[in-house]
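Quick notes on the structure that follows.
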Amino acid sequence: MTEQVAVLSTWQSEFKLRHPSMTYVEQAQEAAAGCMAKLGMRPDDIDAIVYSLAPTAFMGVADADRWAIDHIFGAGKPMLRVHTGGATGGSVVQAAHSLVRSGMYRTVMIVGAERISETPDAQKVLNQIFDPFYEKDMPLQTITAVALMANTYMRRHGITQEDVARLVVRQRRNALLNPHAHLKGNITVDEVMASPMIAYPFKLFDVCPRSSGGAAMIVGNMDAARQWQTRPAFITGVGAVSDSNWIGDRIVPSAEYDFIDWKLMRVAGRAAFERAGITDPIHQIQVAEVYDAFSIQGLTQLEQLGFCASGTGFLLEGEGAWEMDGGQVAVCPSGGTLCTNPIAVAGLVRAIEAANQVMGTAGDHQVKNVRRSLATAVGGIAQFLTCSVFSNEPYEAH
Amino acid sequence: MNCYVLGLALYPAIKRAAGHRLEEMVYHTSHAALDHAGIHRRELDHVTLGACDELDGRSISSMLMAMPAGAYMVDEIKVTDSAASALCLEVARLKSEEFDIGLVASWCKSSKTDVESVMRLRGEPFYTRPFGLDMGMSEAMLAQAVAEEFGVSAEQANERVIKAYARASANPRGLSQAVPTLAEVAASPYEATPLRAMHRAPLSDGAVCMVVASERWLARHPQHRPLARIAGVGWAADSYRLDRARLRDFNSARKAWAQALRMSGLPDASSIDVMELETPTVYHEAAYEQVLGLDASTQISPSGGAFAQNPLFCTGLVGAAEAVLQVAGQAGAVQVPGARRAAAHSCHGYAQQGNVFMIFEQVGGAHD
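Chains as they are written, first to last, in the numbering used here: chain V, 1 to 398; chain E, 399 to 766.
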């Protein structure tokens, strides 16, 4: 007998480059305490903890999660740290989902913090993710690697840099309504095009910032939901998939899934949708918080999740299909990872935003009449993908 | 939903696996576990990894390791506390009924890692790191506390070393190290008071993989016979502060053990035939015996535990594999006759900040 899994509470900090007035563990504590305080919960009301922490090399403390245990009221509790790179925040939600759905725990708190600006150059750390014999010596890091993907995608589908820039304009504008967002503003396509070139075709405004901050989510079973939350969001579907690390193997004709078009996201999406009973995503899902560390990434995922055909996402952007008001689906009403990227909790923030939309607590960027939402997360070079579906009512696939 | 171990494999115990890259070690071990289970990789519907970036020397270790471990085009997740923690999450994944058959994989090539540098990097930067706390120092602090709290003398510690190596020397899956004499142990150099070098389990390279299936999968595949039922798991973390209470109370061990017993439906340790403990030092062993309430009815670490092989981080899951082999009657020279229920333990973090317990039962018991 399995349990329904409900989101009971969420909390996120204001994200910005640095939080010099706080230590890392104080940021984690702020998130944990804030999330519990929203419901009047006390530490004893939390049965287990899943800790969200991606590479520790950014901050240079290898045991940052264990350092934080006292601060997040975790001493004596079952705690796991999950790390799947950029997908970590999506994976922690799915780990907590398993802990509750299995019946092992009534309530689980997901918590983490990021302090990426402690490192002078995050891309030098990210160069270390590549194979030490064949790849590390090349100037590969996340920006250059994704730029190579973007070039091919745009050429294949006839997408211009201006097409992509329109997405940046929309999401920066959305972020104006989000008090937690790091980058925000009313900018123009011309300003995006005029921002400094980082790695062709990515200009500065096509790339996420390095964000610092904390986030937490408390999930529980139906019994806990009845006790703590009058309007929970239910996690009705989860899916994840991992690919090969070797980019060369992923772009040859014999590759199982087209790397450039992000076809692998179909696998994660299919698993999540089957469990959540989603058969027609564009009509059943009102908000998509897709993980887009770069301007090119979000809509490519949306295409593979069945919201539109491959290569059409950016054309529909120009028609307003992804606007908060009047669009077909509100894509990243929070501004997305493109505006806020605290890597350790970036996927968790996507899930928080998606759950908040269903719970009606998103604030000024609340989309009207949201019954279902989804959140994705991406780790490695599009190697680890997660997709989670949130709903205003429980669903049990048969 | 009951969970079962269907197959397992250990990389041959070795101090320094110079002949294989880390990826190759894990590939061969994963492949062997799948063969042992009698299934193909493509039958897996998920993989759960336990790995440590810092020990692997990579920022996202699983980018290179997931596929050799078998996580290709399949749902995969990684935990970083310990390999045994990965098995705990694996149990939750199966019990969620969203998965049916998975593989748990973990590894460590400690020979290519400056382990103490990694351990010093663990320290928070304000108080712990400036005085250079490392694994040896934190274990010595624990040993001092254990010696006082549980009345363990230096002579008793020395004798435990002899017994641990004696058990390990019989284990065909161990390093086959010579059993030292009491004089050799007593003369081994102090590393940090009261720990002498030979009180500590020597590090080795290794990898371990387990194929785990739900009872639903087994019902659909009656031709497969599992090795053991996973009766219960429990894990807990303790305070980061290495103060007097933290070092003496073994709070997370007690809570994790209670959780595993509760999930197994057992009142206490009396019905556990075998307990495979992860003991970085012999002082750990002395403490855990008392903390867990183990008596002569339970055989402690017949495999030799960490003194048989100690691939840091995945040692606890190696112990779990040994426990599974015990209840399956396949432990070979270290088989405990009539072992029906075996437990395994893992500890992680400075001075066992985190503890994990797993309890395995012989297939054909009351639950099958």
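Glycine included, every Cβ here is placed at the ideal spot set by N, Cα and C.
Closest to residue i by CA distance: which of the options is it?
i	options	result
G313 (chain V)	V:A54, V:Q297, V:F130	V:Q297
M154 (chain V)	V:F133, V:Y200, V:W228	V:Y200
E676 (chain E)	E:M463, E:M756, E:L580, E:S508	E:M756
L48 (chain V)	E:A721, E:S695, E:G702, E:S650	It should be noted that the sequence gives Ala, not Leu, for residue 48 (chain V). Out of E:A721, E:S695, E:G702, E:S650, E:S650 has the C-alpha closest to the C-alpha of A48 (chain V).
F390 (chain V)	V:E256, V:V238, V:M265, V:A346	V:V238
E759 (chain E)	E:G702, E:Q750, E:H746, E:M661	E:M661
G402 (chain V)	V:P232, V:L315, V:G76, V:D131	Here chain V has residues from 1 to 398 only, and residue 402 (chain V) is not among them.
A503 (chain E)	E:A740, E:S460, E:T591	E:S460
A165 (chain V)	V:P43, V:A240, V:F205, V:D70	V:F205
L447 (chain E)	E:I475, E:L432, E:H429	E:I475
I129 (chain V)	E:E452, E:A484, E:V513	E:E452
A694 (chain E)	E:A626, E:A704, E:A667, E:M399	E:A667
L167 (chain V)	V:L316, V:E393, V:A375	V:L316
Q328 (chain V)	V:A355, V:F73, V:Q284	V:Q284
V61 (chain V)	E:L580, E:S515, E:G691	E:S515
T591 (chain E)	E:L664, E:D603, E:Y681	E:Y681
Which residues in the same chain have their Cβ closer than 8 Å to the Cβ of residue i, if we skip the five residues on either side of it in sequence?
i	result
E396 (chain V)	Q4
K16 (chain V)	H182, S211, S212, G213
L264 (chain V)	V241, D243, Y257, Q304, A382, L385
Quick check: the Cα distance between residue i and residue j, rounded to an integer number of angstroms?
i	j	result
P209 (chain V)	L645 (chain E)	42 Å
S52 (chain V)	G549 (chain E)	40 Å
A605 (chain E)	P570 (chain E)	16 Å
Y134 (chain V)	E289 (chain V)	35 Å
L501 (chain E)	V489 (chain E)	11 Å
A737 (chain E)	V92 (chain V)	37 Å
V722 (chain E)	L338 (chain V)	47 Å
T340 (chain V)	A346 (chain V)	8 Å
D443 (chain E)	V472 (chain E)	6 Å
F529 (chain E)	D223 (chain V)	48 Å
M533 (chain E)	A749 (chain E)	8 Å
A545 (chain E)	P587 (chain E)	18 Å
G380 (chain V)	P55 (chain V)	11 Å
N127 (chain V)	F294 (chain V)	17 Å
M36 (chain V)	H180 (chain V)	18 Å
A719 (chain E)	P578 (chain E)	26 Å
A562 (chain E)	A543 (chain E)	21 Å
Excluding the 5 residues flanking residue i on each side, which residues of the same chain have their C-beta closer than 6 Å to its C-beta?
i	result
R38 (chain V)	Correcting the residue type first, residue 38 (chain V) is Lys in the shown sequence and not Arg. Result list for K38 (chain V): S9, in chain order.
Y686 (chain E)	L675
G89 (chain V)	S52, V345, A346, G347, L348, A377
I69 (chain V)	A75
R115 (chain V)	Y24, M59, S212
Applying the criterion that 16 or more other CB atoms from any shown protein chain within 10 Å of the CB defines a buried residue, is residue i buried or exposed?
i	result
F497 (chain E)	buried
L140 (chain V)	buried
S551 (chain E)	exposed
Q728 (chain E)	exposed
V158 (chain V)	The sequence given here places Gly at residue 158 (chain V); Val does not occur at that position. By the neighbour-count rule (16 or more Cβ atoms within 10 Å), G158 (chain V) is not buried but exposed.
M41 (chain V)	buried
E319 (chain V)	exposed
N245 (chain V)	buried
N400 (chain V)	Nothing about residue 400 (chain V) can be reported from this structure: the residues present for chain V run from 1 to 398 only.
F234 (chain V)	buried
E683 (chain E)	buried
G326 (chain V)	exposed
F524 (chain E)	exposed
Cβ of residue i less than 7 Å from any chain V Cβ?
i	result
Y409 (chain E)	no
A549 (chain E)	A small correction: the amino acid at residue 549 (chain E) is Gly; Ala does not occupy that position in the sequence shown. With 7 Å as the cut-off, G549 (chain E) does not count as an interface residue toward chain V.
V732 (chain E)	no
E452 (chain E)	yes
V754 (chain E)	no
M423 (chain E)	no
L601 (chain E)	no
W505 (chain E)	no
Might you give, ordered along the chain, the residues of its own chain that have their beta carbon closer than 7 Å to the beta carbon of residue i, omitting 5 neighbours on each side?
i	result
V734 (chain E)	D671, V672, Q697, P700, Q724
E421 (chain E)	L462, M463, P466
A95 (chain V)	V50, L80, V82
R106 (chain V)	D47, G220, N221, D223, A224
L616 (chain E)	Y402, H622, P624
Verify the CB distance criterion: does residue i have a CB-CB separation below 7 Å to chain E?
i	result
M36 (chain V)	no
G85 (chain V)	yes
V345 (chain V)	no
W262 (chain V)	no
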